[in-house]
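Undergrad: If you're matching them up, the sequences are chains C and R in order.
So in the numbering used here, spot 109 of the first sequence is number 109, and the numbers just go up one at a time.
So in the numbering used here, spot 89 of the second sequence is number 89, and the numbers just go up one at a time.
First the structure, then my questions, so here it is.
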Amino acid sequence: MQQLLNGLFIGSIYALFAIGFTLVFGILDRLNLAHPAVFAASAFIGIELVDAAGMSIWLALPVVFVVGGLLGLVIERVAFRPLKGRPDAHFAGLISSIALAGMFIALLQWRYGPGTRRFPADAFPDTRFQVLGAQVTLLQVAILVISVLLMVGLTLLVGRTRLGRAMRAVAENPTAARVLGVNVDRVTATTFAISSALGAVAGALFAMNVNSAQLGMGAAIELKGLAVIIVGGMGSLPGALVGGLLLGLAEVFAVQYVGSSWRDLIAFGLLFVILLLRPQGLFGARRVREV
Amino acid sequence: MLSESTIVFIALGAIFAYSFYAVLVAGQLSLGQAGFAALAAFSAAALAPDPREVGDLPALVVAVLIGMAVGAAAAVVLGLPTMRLRGVFLAIATLAFAEAVRILIINMEWTGGAQGMSVPRVVTPAVAWVCLLVVAYWFWRQGPSRYGRALEAIREDELAARAMGIDVGRHRLAAFVTAGVLAGLYGVLWAYYIRLLAPEDFSFSVAIDGLVTAVVGGSTMFVGPVLGSVFLTLVPEVQRAVGIEAGWIRPFLSGLLLLVVILFLPGGLASLIRLRPRAPQVTGSDVGSDREGLTRRVHPEPGATVVRLQDLGKDYGGVHAVRGVDLEIHAGEVVGLIGPNGAGKTTLVNMVSGLVPPSSGTAEVLGVEPGRTPPHEVARAGVSRTFQHSKLFPRLSALQNVLVGAHLVSRPTFLRRLLWLPSARRDEQVALQHAARCLDRVGLGDKARVTASALSYGDQRRLEIARALAADPSLLILDEPAAGMNAVEAERLSELIGSLARDGLTILLIEHNVGMVMRTCSRVVVLNFGEVIATGTPEEIASNETVIEAYLGRAEEAR
């Protein structure tokens, strides 16, 4: 039971991170490899907000959300918009976002140094619950609740609102959307902002969960995020949620029963099998070939 | 500033980048190279004889051979199941493979686990650069060969490449195995230079570095990876030389430079080098006047059955796009296929050319069964086509587009080009002449060097015809060639089709311009709601009640 819950907590963070990844891919057909850098940056920023500015962690999270959104706007503006209309935009977008990610990490190193940072000791409430015989901290519950709320909010946003409709229109056909009066540039920028904001909250939550932040933390989760969005289906929001939770659970149980050195193999084994058996992922739609 | 290790690292980085270049030229994004390199490096280090016993060079040669073989084998094993994946999916699948390999190596006994293996240093700058030169030579010779062009065509438009008779699966796998061999070479050279071989040497970030090197250098010209490696290896060295301290500034500037290159030099550093594409002087008069050096096709006798469709049908879900079509086309005929929008014309020719398998009925075209036979085999049998929406290879020149069209009738030249055999040059010349004549035939002789995407719309349509013509087809399918043309252009096109027909070519022409069909075709087939409603000579069709009804509607139908 304890393992199951631990798997859910870490899985919900994976899901939140992956959902930002998959949002940009699903709507704009671009893989944003600066996403992990946002993840790492927000962890450091969150710690600084609590540590230096003395904010409570509950207040720090919305601030991190906003900062993440701003970073998303920067990423879109600098790494993706200039490539619009180029035939190799796919490759070039990968490279330019990697370059920008490198710059973000370098700036983090300048501001915070290369070492590990932690939250101050008294930052977390130490309320604990007993759930079906397992120990759960308030923090862990909060992580799960915040992640799920954000993901539900995003699903509603995409499914029910005017902005969401515009996003779906851009995903289907950007040119047609533009002709019909959708401001494609603005929708694109907004998508990046939302995606990065979610990634930022995921980063801050991750830092809370393990109480540390390192420069390499984004790179470590990047591969898992990719695995999650493939397993769930590229561009599928519910897929990313299920995929993230699945990965979290699989990892926790792998450590329990197989040994920790094999933990990371789980994600890739799972990913590989899914790609071969069902390339569109668990929730993805197969794209029809165009003749 | 140029220490020995810098010189070696430039060479090694470039070789690794070539393993990405090998698949990027074919439009594949693979990140599995780090896995190939890791497998190769550890196998070679474990299996190859000790340099202290057999001498440095023999030991290295054995190790390199082991590494290349392991790399190739790994590429085949990974390639066979993943070759149907595209784009990002392929990248992530191969990445997963590489990570799995790394974790396996960490957990194995014989590899020394996370500590890695100690390997004697045997690689010198000279060895590294000789290897690099051999690899660069390979790609220099590959570029303008038939094989190289086929890979480029696959990168530009896979479906069109297939329709030109290129076996896409085999070519993609070949490119992938090349990447595996090169990654294996890199892995072994790295192992025998670095002294302590660790699984971390082949991590995700290393794979990304390789990809970045290839793209920054330029993934469309063979010198790209070398330029990329020089650039990316020297940036930190220059920074150190001008006194920038280690820390955050160096990675920041590296990232910034990378961003600038990728945003402002779309073709990578190699695009700074401008090569003028060759355009040969046309000798000989017309298409087919000089077939020396081209593969001869045996065309069916006039009057022989070229296409036989029996009860052919295609359903999409519940929609019957084509239903119960019986049709025969004989050699030398020019058959017009007309019908309102959505009548199923394009679906029908997609089935004839093998791109879409029929749901019912049988099709037999030039002795093969499209639908059961892959499209490139149908093309090999002598079917060549154009597409309703132009499917040119946009970044290739007009001449190169046509050269790809000549894939089936020209001879493979890559291996002979590697050996610098004069016959390869002769065959390339023949193919160039043939392509240039095809361009001339459609009136694009003076636009040979223009990039296909820069041509006007009408020229693009004519270029497609030239490309289809270059395959020396027995059956030419033209899918709405005049769509979007003005009256003058359409008239010239009509004359072109007429002249092709007079040469005895069998043509299936889909067209909305009924006047053009009536002028050029010997027989007209009318399709409506997926069914043939009339066949006959143009005169018969023009006076056919059902056809007029289908096109204009009936008065009492206006409910």
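Ideal Cβ placement from N, Cα and C applies to all residues, glycine included.
Which class does R/THR305 belong to by DSSP, given the choice of helix, strand or coil?
TA: Within the second sequence, numbered from 1, the residue matching residue 305 of chain R stands at position 305. Residue state, collapsed to three classes: strand.
Undergrad: Flag C/ALA92 as yes if its beta-carbon sits less than 8 Å from any beta-carbon of chain R, otherwise no.
TA: Numbered from its first residue, the first sequence carries residue 92 of chain C at position 92. Interface residue, yes.
Undergrad: Could you tell me whether any non-hydrogen atom of the ligand GDP is closer than 7 Å to the CB of C/GLU222?
TA: The ligand GDP is absent from the structure shown, which contains no ligands of any kind.
Undergrad: Assign R/GLU428 to buried or exposed, taking buried as 16 or more other Cβ atoms, counted over all protein chains shown, within 10 Å of its Cβ.
TA: Counting from 1 along the second sequence, the entry for residue 428 of chain R is found at position 428. Looking at its Cβ environment, which holds 16 or more other Cβ atoms inside 10 Å, R/GLU428 is buried.
Undergrad: C/ASP88 touches chain R at which residues, Cβ-Cβ below 7 Å?
TA: In the first sequence, counting from the first residue as 1, residue 88 of chain C sits at position 88. PRO266, listed in chain order.
Undergrad: Pull up the DSSP beta-bridge partners for R/HIS434, would you.
TA: For the purposes of this step, residue 434 of chain R is taken as the residue at position 434 of the second sequence. R/HIS434 pairs with nothing; no bridge assigned.
Undergrad: Decide if R/TRP110 is buried, meaning its Cβ has at least 16 other Cβ atoms within 10 Å, or exposed.
TA: Working through the second sequence from its first residue, we reach residue 110 of chain R at position 110. Exposed: under 16 other Cβ atoms inside 10 Å.
Undergrad: Would you mind working out which of C/GLY26, C/LEU100, C/ILE10, C/ILE266 sits nearest C/VAL74, comparing C-alpha positions?
TA: Locating residue 74 of chain C in the first sequence gives position 74, where the first residue counts as 1. Shortest Cα-Cα distance from C/VAL74 to any of C/GLY26, C/LEU100, C/ILE10, C/ILE266 involves C/LEU100.
Undergrad: How long is the line joining the alpha carbons of R/ASP201 and R/SER229, rounded to whole angstroms?
TA: Taking the second sequence and counting its residues from 1, the one referred to as residue 201 of chain R is at position 201. Taking the second sequence and counting its residues from 1, the one referred to as residue 229 of chain R is at position 229. So the alpha carbons of these two residues sit roughly 17 Å apart.
Undergrad: Output the boundary residues of the beta strand (DSSP E) element that contains R/SER145.
TA: Here residue 145 of chain R refers to the residue found at position 145 when the second sequence is read from its first residue. Counted as a single uninterrupted DSSP element, the stretch harbouring R/SER145 is not any beta strand (DSSP E), since DSSP gives it neither H nor E.
Undergrad: Determine, using beta carbons only, whether C/GLN256 comes closer than 8 Å to chain R.
TA: On the first sequence, residue 256 of chain C is found 256 positions in, with the first residue counted as 1. Chain R, which has no Cβ nearer than 8 Å to the Cβ of C/GLN256, makes this no.
Undergrad: Does C/SER96 come within less than 8 Å of chain R when only Cβ atoms are used?
TA: Numbered from 1 along the first sequence, position 96 holds the residue referred to as residue 96 of chain C. C/SER96 counts as touching chain R.
Undergrad: Report the three-state DSSP secondary structure of R/ALA534 (helix, strand or coil).
TA: Residue 534 of chain R sits at position 534 when you count from the first residue of the second sequence. Under the three-state reduction of DSSP output, R/ALA534 falls in the strand class.
Undergrad: Determine the burial state of R/ALA558: buried for a count of at least 16 other Cβ atoms within 10 Å of its Cβ, exposed for fewer.
TA: Looking up residue 558 of chain R in the second sequence gives position 558. For R/ALA558, the pLDDT reaches just 43, beneath the cut-off of 50, and the residue's location in the model is therefore unreliable, although a value from the coordinates is still provided. Exposed, because fewer than 16 other Cβ atoms sit within 10 Å of the Cβ of R/ALA558.
Undergrad: So if I threshold CB-CB distances at 7 Å, which residues from the segment 411–443 of chain R count as touching chain C?
TA: So the list is empty, because no residue satisfies the distance condition.
Undergrad: With a threshold of 8 Å between beta carbons, is C/SER196 in contact with chain R?
TA: Locating residue 196 of chain C in the first sequence gives position 196, where the first residue counts as 1. By this cut-off, C/SER196 is not an interface position.
Undergrad: For R/THR451, write down the residues that DSSP places opposite it in a beta bridge.
TA: To locate residue 451 of chain R, count along the second sequence from 1; it is residue 451. For R/THR451, which the question treats as bridged, DSSP gives the partners R/SER397.
Undergrad: Can you look up C/THR127 in the DSSP assignment and give me helix, strand or coil?
TA: Counting from 1 along the first sequence, the entry for residue 127 of chain C is found at position 127. Of the three classes helix, strand and coil, the one that applies to C/THR127 here is coil, per DSSP.
Undergrad: Is the CB-CB distance between R/GLY332 and R/GLY498 below 8 Å?
TA: Against the second sequence, residue 332 of chain R aligns to sequence position 332. Against the second sequence, residue 498 of chain R aligns to sequence position 498. Against a cut-off of 8 Å, the Cβ pair of R/GLY498 and R/GLY332 comes out as no contact.
Undergrad: On a CA-only basis, which of R/PRO144, R/TYR21, R/VAL101, R/GLU301 is nearest R/SER397? Give me that one, please.
TA: To locate residue 397 of chain R, count along the second sequence from 1; it is residue 397. R/SER397 has its Cα closest to that of R/PRO144, out of R/PRO144, R/TYR21, R/VAL101, R/GLU301.
Undergrad: Can you tell me which of R/PHE42, R/VAL130, R/SER543, R/GLY187 puts its alpha carbon nearest to the alpha carbon of R/LEU104?
TA: In the second sequence, the residue the question calls residue 104 of chain R occupies position 104. It is R/PHE42.
Undergrad: So what does DSSP say about C/THR137, is it helix, strand or coil?
TA: Taking the first sequence and counting its residues from 1, the one referred to as residue 137 of chain C is at position 137. If DSSP states are grouped into helix, strand and coil, C/THR137 belongs with the strands.
Undergrad: Would a check of beta-carbon distances place R/ASN401 closer than 8 Å to chain A?
TA: Any reference to chain A falls outside this structure, whose protein chains are C and R.
Undergrad: Who pairs with R/GLN310 in a beta bridge, going by DSSP?
TA: Residue 310 of chain R sits at position 310 when you count from the first residue of the second sequence. According to DSSP, which records beta bridges pairwise, R/GLN310 is partnered with R/THR362.
Undergrad: Taking the beta strand (DSSP E) that R/GLU328 falls in, what are its first and last residues?
TA: Indexing the second sequence from 1 puts residue 328 of chain R at position 328. R/GLU328 -> beta strand (DSSP E) spans 319–330.
Undergrad: What residue from C/LEU276, C/LEU282, C/LEU265 has the CA that sits closest to R/ARG102's CA?
TA: If you number the second sequence from 1, residue 102 of chain R lands on position 102. Closest by alpha carbon: C/LEU265.
Undergrad: Listing by chain order, which chain R residues have their CB less than 8 Å from the CB of C/PHE272?
TA: For the purposes of this step, residue 272 of chain C is taken as the residue at position 272 of the first sequence. In chain order: ALA93, ALA96, PHE97, ALA100.
Undergrad: At 8 Å on the CB atoms, spell out the chain C contacts of R/PRO481, in chain order.
TA: Locating residue 481 of chain R in the second sequence gives position 481, where the first residue counts as 1. Here the premise fails: no neighbours, minimum Cβ distance about 17 Å.
Undergrad: Out of curiosity, what's the CA-to-CA distance linking C/PRO125 and C/LEU138?
TA: Stepping through the first sequence from its first residue, residue 125 of chain C is reached at position 125. Stepping through the first sequence from its first residue, residue 138 of chain C is reached at position 138. Rounded to the nearest angstrom, the two C-alpha atoms are 7 Å apart.
Undergrad: Quick one: is R/GLU301 buried, meaning 16 or more other Cβ sit within 10 Å of its Cβ, or exposed?
TA: Stepping through the second sequence from its first residue, residue 301 of chain R is reached at position 301. So R/GLU301 ends up on the exposed side.
Undergrad: Step through the CB atoms of chain C and report whether any lies within less than 8 Å of the CB of R/ILE273.
TA: Mapped onto the second sequence, residue 273 of chain R falls at position 273. No, its Cβ sits nowhere closer than 8 Å to a Cβ of chain C.
Undergrad: So the candidates are R/GLY113, R/ARG172, R/VAL61, R/GLY79; which of them puts its Cα closest to the Cα of R/ALA26?
TA: For the purposes of this step, residue 26 of chain R is taken as residue 26 along the second sequence, with counting starting at 1. The option with the nearest alpha carbon to R/ALA26 is R/ARG172.
Undergrad: Assign C/MET1 to buried or exposed, taking buried as 16 or more other Cβ atoms, counted over all protein chains shown, within 10 Å of its Cβ.
TA: Here the question's residue 1 of chain C lines up with position 1 in the first sequence. Counting Cβ neighbours within 10 Å, C/MET1 comes out exposed, since fewer than 16 surround it.
Undergrad: By the three-class DSSP mapping on this structure, what secondary structure does R/MET117 have?
TA: Taking the first residue of the second sequence as position 1, residue 117 of chain R is located at position 117. In this structure, R/MET117 counts as strand in the three-state DSSP scheme.
Undergrad: If I follow the unbroken alpha helix (DSSP H) through C/THR190, where does it start and stop?
TA: Taking the first sequence and counting its residues from 1, the one referred to as residue 190 of chain C is at position 190. Here the alpha helix (DSSP H) through C/THR190 covers 184–210.
Undergrad: Taking DSSP as the reference, what is the three-state secondary structure of R/ASN350?
TA: Walking along the second sequence from the start, residue 350 of chain R turns up at place 350. R/ASN350: helix per DSSP, three-state reduction.
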